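Protein chains in written order, with this note's numbering: chain A, 1 to 192; chain B, 1001 to 1101.
We treat Cβ as the ideally placed atom computed from N, Cα and C, and that holds for glycine.
For clarity, every value in this text was computed on a predicted model and none was experimentally measured.
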């Protein structure tokens, strides 16, 4: 059987054939899961986010005009749902860095002695950045994630988040400051 | 400590992390079950809303008709009201039969 195009599937869903939604879910779920895992750690939370994204997509499919690819429209919805999740789950932000594991501590010590000797691809560095990201405010985390980790432009971030370009710039400036403060706190707790 | 360099290194470490895009087994089935549930609920809600609207419209029409019949001035002219006319029409054949020799 010939595969139906995305546009055909969407038209069918809008005409009342809900089953045509399934191929879209199968195709794009890996991307939505990858996005959700950047903002949530627990599997149950990730699944809840992705489920919400798909239900929102189904409910709001009428608003999809087909001017941009469906994937862009869906990913915008995914990022916004993740942001809502971050705003609703602001735990661990005030906790200290006392629970840093031994490999993370070793990595930090190597960095203190000689920054070049601490490899970026080490698992400890990945754990550390996850820990630091969890302590950022939802706005700062969103901006750092999109701007510095996913390498998106300010304009792209504005489109994804629905914020204006100047607001993204202001939030990026504040986010970097916030990140710097958290790093300072972390190193102070460990080395003073 | 060079915080800017630490920031850069950690951001680079995060960039090196390949996002995990595994999807739990039969996840799409779960979504489709929820979508079907939603569709059925939406259908019921639409019908309920439609019926309520129809009921409200019927009530409004009934109230308007009641008000018209209540406030319309009585135009009876000497007993020639609708009931009298109806009776005359109904009994016309009987009256004709009586008057024929």
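Measuring from the CB of residue i, is there a heavy atom of the ligand PLP at a distance below 6 Å?
{"i": "residue 1067/B", "result": "Questions concerning the ligand PLP fall outside what the structure shown contains, since it holds no ligand whatsoever."}
In terms of residues, what are the limits of the alpha helix (DSSP H) holding residue i?
{"i": "residue 72/A", "result": "70-88"}
{"i": "residue 19/A", "result": "Residue 19/A -> no alpha helix (DSSP H), and no H or E assigned at all."}
{"i": "residue 1089/B", "result": "1082-1090"}
{"i": "residue 1018/B", "result": "No alpha helix (DSSP H) contains residue 1018/B, which DSSP labels as neither H nor E."}
{"i": "residue 67/A", "result": "No alpha helix (DSSP H) contains residue 67/A, which DSSP labels as neither H nor E."}
{"i": "residue 1048/B", "result": "1027-1071"}
{"i": "residue 49/A", "result": "43-59"}
Determine, using beta carbons only, whether residue i and residue j come nearer to each other than 7 Å.
{"i": "residue 1006/B", "j": "residue 183/A", "result": "yes"}
{"i": "residue 145/A", "j": "residue 42/A", "result": "no"}
{"i": "residue 20/A", "j": "residue 13/A", "result": "yes"}
{"i": "residue 171/A", "j": "residue 143/A", "result": "yes"}
{"i": "residue 129/A", "j": "residue 1026/B", "result": "no"}
{"i": "residue 1028/B", "j": "residue 22/A", "result": "yes"}
{"i": "residue 1021/B", "j": "residue 30/A", "result": "yes"}
{"i": "residue 178/A", "j": "residue 136/A", "result": "yes"}
In whole angstroms, what separates the C-alpha of residue i from that of residue j?
{"i": "residue 110/A", "j": "residue 186/A", "result": "15 Å"}
{"i": "residue 158/A", "j": "residue 10/A", "result": "26 Å"}
{"i": "residue 16/A", "j": "residue 1050/B", "result": "19 Å"}
{"i": "residue 79/A", "j": "residue 1061/B", "result": "50 Å"}
{"i": "residue 34/A", "j": "residue 85/A", "result": "15 Å"}
{"i": "residue 26/A", "j": "residue 175/A", "result": "35 Å"}
{"i": "residue 59/A", "j": "residue 74/A", "result": "12 Å"}
{"i": "residue 1054/B", "j": "residue 1064/B", "result": "15 Å"}
{"i": "residue 1/A", "j": "residue 8/A", "result": "Confidence at residue 1/A is low in this model, with a pLDDT of 43, below 50, so its placement is unreliable and the value that follows should be read with caution. Approximately 14 Å, taken between the alpha carbons."}
{"i": "residue 99/A", "j": "residue 18/A", "result": "48 Å"}
{"i": "residue 102/A", "j": "residue 32/A", "result": "33 Å"}
{"i": "residue 217/A", "j": "residue 87/A", "result": "Residue 217/A is absent from the structure shown; chain A starts at 1 and stops at 192."}
{"i": "residue 1082/B", "j": "residue 62/A", "result": "56 Å"}
{"i": "residue 156/A", "j": "residue 162/A", "result": "10 Å"}
{"i": "residue 70/A", "j": "residue 28/A", "result": "10 Å"}
{"i": "residue 138/A", "j": "residue 1048/B", "result": "40 Å"}
{"i": "residue 1091/B", "j": "residue 1097/B", "result": "10 Å"}
{"i": "residue 113/A", "j": "residue 104/A", "result": "14 Å"}
{"i": "residue 950/B", "j": "residue 1024/B", "result": "Outside the shown range of chain B (1001 to 1101) lies residue 950/B, about which nothing can therefore be said."}
Assuming residue i and residue j are in contact, meaning their beta carbons sit under 8 Å apart, how far apart are those beta carbons, in whole angstroms?
{"i": "residue 1012/B", "j": "residue 120/A", "result": "4 Å"}
{"i": "residue 124/A", "j": "residue 106/A", "result": "7 Å"}
{"i": "residue 36/A", "j": "residue 46/A", "result": "5 Å"}
{"i": "residue 166/A", "j": "residue 1009/B", "result": "With a Cβ gap of about 29 Å, residue 166/A and residue 1009/B do not count as contacting."}
{"i": "residue 76/A", "j": "residue 160/A", "result": "5 Å"}
- prompt: What are the uninterrupted segments assigned as alpha helix (DSSP H) that are 4 or more residues long and contained completely in the stretch 108-188 of chain A, given in chain order?
  reply: 123-135, 138-143, 154-161
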